[in-house]
Amino acid sequence: MLANWGYQDGSGEYFITIDTDKCDGCGKCADACPQNALEIGEDPADPLREEPVAFVGEEQRKKLRYTCSPCKTYL
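Quick note: the sequence shown uses the numbering used here, first residue 8, plus one each step.
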């Protein structure tokens with residue numbers, strides 16, 4: 008399942024999209040995020056999932072426009 012975080016920008020892409028089917032909860036993405044926007048834990052969209060997954064932390068959700076802009080790549 009694709010979990011979209013933030014809002015669609017001018018390119019039609021969300022700031023952060025996490026493919027939870029491919030996420031194994033290793034935490035590498037959370038460690039690499041300079042803004043500490045990602046957390047690893049229970050999937051907020053699928054509480055029955057047993058494996059941990061990456062997701063955008065509650066405090067960061069409304070700030071993605073500002074915190075994630077420097078890292079977002081525009082193609």
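Quick reminder that beta carbons are idealized off the backbone N, C-alpha and C, glycines included.
- With respect to the 8 Å criterion, residue 9 and residue 26 are classified as neighbours on the basis of their beta carbons.
- In chain order, 36, 37, 61 place their CB closer than 6 Å to the CB of residue 45, counting only its own chain and leaving out the 5 sequence neighbours on each side.
- Beta-bridge analysis with DSSP links residue 26 to 9.
- As the crow flies, the alpha-carbon of residue 22 is around 8 Å from that of residue 76.
- For residue 52, the three-state secondary structure derived from DSSP is coil.
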